[in-house]
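>
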Amino acid sequence: MLRKVGGSSANSAAVREKSPQVQIDQAARLAMLDAFEENEIGWFWATDAENRLTYLSNSAAKKFGDGKQVVGQSLAELIETFDESSDKEGERPLSFFLGSRTRFRDLVVRLRGEDDAQWWSITGRPHYDEAERFIGFRGSAKDISSEFVRQRSESQLAQYDTLTSLANRHRMEKRLDSILASYRVAKRSCALLMMDLDKFKKVNDTLGHPAGDELLRQVAQRLQRIVVAPAEIGRLGGDEFQIIVPDVDDRGKLGELCKKIIQMVSQPYSLNGDRATIGASIGIAIAPYDGLNRQELVKSADLALYASKAGGRGQYRFYSSDLANDARRQREIGEELADAIVNDELTMHYQPIVRSTDHKVIAFEALMRWDHPELGAIGPGTFITVAEEINLISRISEWSLRRACTDAMQWPGDIRVSVNISAQQFFAGGLPSLVATILDETGLRANRLELEITEGVFMGESSMVDAIFAKLTKMGVRLSLDDFGTGYSSLAYLRRAPFEKIKIDQNFVRGCCEEGNPNAAIITAIISLAHALDMQTTAEGVEAMDELRLLLGLGATQIQGFIFSRPVCQDVVMEKLASGDFIYEPVGPAKHRSDRRTLYRRIGVIHEDHRYDAVLRNLSRTGAMIEGLLDVPIGTDLVLDLGGGQLAVAMVRRSQDATQGVQFETPLISDGANGLCTRHRVSPYQLAAAGMPLASLSADSTAPVSPAPARARRFMQVDVSSASSRAA
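In our numbering, each residue's number is its place in the sequence shown (first place is 1) plus 55.
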């Protein structure tokens with residue numbers, strides 16, 4: 056008993072001896088936690104079952120602002136997960152962990168609504184009571200602002216261009232790889248835009264590399280005002296830019312975006328007291344249609360960009376599978392252009408410019424043509440660009456100027472000849488001397504020669520430009536400002552240069568009579584400006600009677616366009632003038648019609664369960680003519696397979712024998728190169744679901760039809776190439 060009691064007493068004493076020690080440890084522990092919080096080494100937090108804060112360390116609560124009540128508010132509304140995908144790819148948001156009651160560790164968050172971002176790393180785990188009911192989260196947090204900002208700065212240096220602050224090549228490649236991989240699983244689309252700056256090299260050469268760097272910075276700022284998230288802009292190096300546009304495959308929307316970019320980039324730049332104008336060319340490719348991985352998509356966009364530049368620059372172009380052939384054709388043109396000059400394959404055609412009051416011809420614009428013995432007719436928009444790239448422009452320009460002046464000497468009276476002068480030719484050196492020599496050789500009076508100058512010449516050094524203008528004006532040559540209003544225009548040009556005439560670009564004439572179209576107002580402003588400056592105006596590209604009436608009413612002094620004559624050879628001009636008839640009568644449609652392209656291309660026509668072969672002709676935005684099906688009733692619904700996954704739903708509006716005129720349910724859009732295309736295409740994912748291999752679209756990619764047609768064919772197919780018919 057005594058032992059027991061003694062033992063009991065001893066145990067009690069031991070407990071009494073230990074209890075103060077336990078209480079001291081508990082107090083020390085709480086004191087250390089308080090010091091831990093107050094010294095901002097770390098903080099603690101807790102929420103209830105609705106994820107509202109029930110506790111937050113006092114020093115942490117002060118981070119939200121003195122006096123702001125944070126306890127009782129939703130944790131997800133106070134802080135937000137850092138979601139800049141480049142820094143933490145695939146990071147799940149805080150709301151996910153809270154909603155799924157999942158443990159998380161070292162999640163990077165920032166305080167909402169803070170101008171000076173504060174970055175925390177938080178850890179938390181769900182807690183449950185004895186009945187396994189969820190009672191909230193418990194966790195810790197710490198301030199990582201300094202470390203995070205430093206790491207982010209290092210990441211910026213590794214992933215962003217130091218000159219423009221845009222993403223660099225490495226980041227863009229990483230982003231595109233990631234997007235295409237995830238989008239392929241989700242069967243989503245992504246567009247890629249490749250952009251080069253036109254005439255950027257001229258800025259570096261004439262104004263110096265510091266001016267070129269400043270221009271690149273301003274270009275980046277302009278792009279950022281147009282291209283918004285989730286799209287991303289990158290500078291790959293030099294004057295090459297790339298834009299990733301996720302979840303967009305509407306080529307109409309992409310075309311509008313490219314127009315805005317080109318227009319914005321083409322506005323004049325102020326560079327440390329100097330002034331410069333450049334342009335932009337854009338190539339567009341869309342995944343999965345034009346490529347399934349980054350390599351394929353970039354190659355397609357590069358080909359589209361090359362085609363855009365070869366087509367005259369300052370435009371955009373969608374990728375199509377025939378662009379590789381176009382690129383090869385461009386190389387062939389470059390190789391044979393020098394021989395074309397020697398072999399006299401270039402010819403000059405002339406389009407009349409008539410006085411608006413009486414339609415009397417007062418001048419002819421000289422327009423070059425190249426009739427290649429194998430490649431056929433090649434337009435100046437193609438070979439002039441090639442000539443500039445391979446440094447043949449001076450030889451071609453000299454040839455054109457001499458031929459135009461020689462031909463003009465045969466024209467009676469004071470009829471002038473108008474010759475286009477490119478910016479490269481303007482700065483090639485010796486233009487005034489060349490003009491003087493040719494005028495002397497041909498005997499043409501200087502006031503009968505009119506040089507059409509583009510605004511691109513004003514990108515050069517001011518004193519040089521002014522000196523060239525002064526020399527040309529002194530010898531009596533007339534000067535006109537070509538393509539006024541297309542994006543480079545500035546009143547400063549008109550004050551500096553001795554222009555006698557402004558040419559209104561045909562893009563403003565086109566559509567000027569349509570209701571709601573602002574072109575008429577723009578033309579009015581240009582004509583009013585020219586009148587105030589005592590200049591004449593020439594409206595070019597006039598084709599319809601309603602356009603002619605509007606322009607005459609607005610006061611345009613001269614008219615040029617198909618409504619009076621297409622460009623014709625010298626023999627036709629001489630035949631007209633030799634008769635003493637200097638008047639051109641307008642002949643054209645009452646209203647402007649959508650441009651129609653004369654084609655001869657085989658397409659597919661789908662009706663019900665059957666596919667027919669046909670030939671496409673006279674394509675326009677709203678319809679087309681097809682040949683190959685016999686006696687198709689008016690009102691029949693058809694689907695035209697234009698190739699490359701392009702399907703156009705159409706209704707037959709006219710039908711005679713094997714020819715039908717069809718109207719599209721949805722108008723086609725511009726492909727950026729005077730061609731037409733559908734807004735959308737059949738996705739390779741849809742074709743794969745129908746049993747075809749998953750691959751980017753080719754020229755002959757077609758929509759699948761039923762392998763076992765349920766109904767007999769309704770129409771007879773005609774072989775229009777041989778004019779023989781057969782039962783389909």
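Think of the CB as a built atom: it goes at the ideal place given N, C-alpha and C, for glycine as much as any other residue.
(1) Ignoring anything shorter than 3 residues, give me the beta strand (DSSP E) runs that lie fully in the stretch 630 to 698, in order along the chain.
(2) Nearest to ASP774 by alpha carbon, out of ASP537, ILE439 and GLU682?
(3) Tell me whether LEU360 sits in a helix, a strand or coil according to DSSP, three-state version.
(4) Cβ atoms of ALA418 and ARG471: under 8 Å apart, would you say?
(5) Quick one: Cα of PHE296 to Cα of SER473, how far?
(6) When burial is assigned at 16 or more other CB atoms within 10 Å of the CB, is GLU144 buried or exposed?
(7) Are the stretch 171 to 182 and the stretch 194 to 211 touching, with three or more C-beta to C-beta distances below 8 Å?
(8) Secondary structure at VAL282, three-state DSSP: helix, strand or coil?
(9) Figure out for me which residue from ALA442, LEU130 and GLY292 has the closest Cα to the Cα of GLU391.
(10) By the three-class DSSP mapping on this structure, what secondary structure does ARG306 have?
(11) Bridge partners for GLN701 per DSSP, in chain order?
(12) Within its chain, find whatever has a CB closer than 6 Å to the CB of MET680; leave out the 5 residues flanking it on each side and keep chain order.
(13) Hey, does PRO428 have any beta-carbon neighbour from chain B nearer than 8 Å?
(14) Helix, strand or coil: which one does DSSP assign to CYS313?
(15) Buried or exposed: which applies to PRO739, given that a residue is buried once 16 or more other Cβ atoms fall within 10 Å of its Cβ?
(16) Look up MET771 in the DSSP assignment and say whether it is helix, strand or coil.
(17) Work out the CA separation of ASP394 and GLU387 for me, nearest whole Å.
(18) List the residues that DSSP assigns as beta-bridge partners of THR714.
(19) Hey, how far is the Cα of ARG458 from the Cα of ASP399?
(20) Under a three-way DSSP split, which group does GLY62 fall into?
(21) In this structure, what does DSSP give as the bridge partners for GLY289?
(22) Going by other Cβ atoms of all chains shown within 10 Å of its Cβ, with 16 needed for buried, is LYS558 buried or exposed?
(23) Pick helix, strand or coil for GLY120, following the three-state DSSP scheme.
(24) So what does DSSP say about CYS567, is it helix, strand or coil?
(25) What is the DSSP secondary structure of TRP175, reduced to helix, strand or coil?
(26) Rounded to the nearest angstrom, what separates ASN348 and GLU228 at their Cα positions?
(27) Taking the alpha helix (DSSP H) that PRO487 falls in, what are its first and last residues?
(28) Return the CA-CA distance between ARG383 and ILE476, expressed in angstroms with no decimal places.
(29) Compute the Euclidean distance between the alpha carbons of TYR374 and ALA342, then round it to the nearest angstrom.
(30) For VAL597, does the three-state DSSP call read helix, strand or coil?
(31) Go through its chain and collect everything with a Cβ distance to ARG107's Cβ below 7 Å, but skip five positions before and after it.
(32) Terminal residues of the continuous alpha helix (DSSP H) containing LEU133?
(33) Pick from ARG769, LEU749, MET771 and GLN772: whose alpha carbon is nearest that of VAL240?
(34) Which residue's Cα is closest to the Cα of ALA359: GLY346, ALA340, LEU549 and GLY369?
(35) Work out the CA separation of LEU742 and LEU47 for me, nearest whole Å.
(36) According to the neighbour-count rule (16 or more other Cβ atoms, all chains shown, within 10 Å of its Cβ), is THR592 buried or exposed?
Let me spell this out:
(1) 656 to 662, 665 to 672, 678 to 682 and 692 to 698
(2) GLU682
(3) helix
(4) yes
(5) 37 Å
(6) Low local confidence applies: a pLDDT of 40 at GLU144 is under 50, so the model's placement there is unreliable, with the coordinate-based value given in what follows. Answer is exposed; the Cβ neighbour count stays below 16.
(7) yes
(8) coil
(9) ALA442
(10) helix
(11) GLY698
(12) ARG672, ASN673 and GLY716
(13) This model lacks chain B altogether; it includes just one protein chain.
(14) helix
(15) buried
(16) strand
(17) 12 Å
(18) GLU682 and GLN711
(19) 11 Å
(20) Because GLY62 sits at a pLDDT of 40, beneath the cut-off of 50, its placement in the model cannot be relied upon, and the following sentence gives the value as read from the coordinates. Residue state, collapsed to three classes: helix.
(21) ALA222 and GLN297
(22) buried
(23) coil
(24) coil
(25) strand
(26) 11 Å
(27) 486 to 497
(28) 28 Å
(29) 11 Å
(30) coil
(31) GLY127, GLN128 and SER129
(32) 130 to 133
(33) LEU749
(34) ALA340
(35) The chain is shown from 56 up to 783; residue 47 falls before or after that span and cannot be answered.
(36) buried
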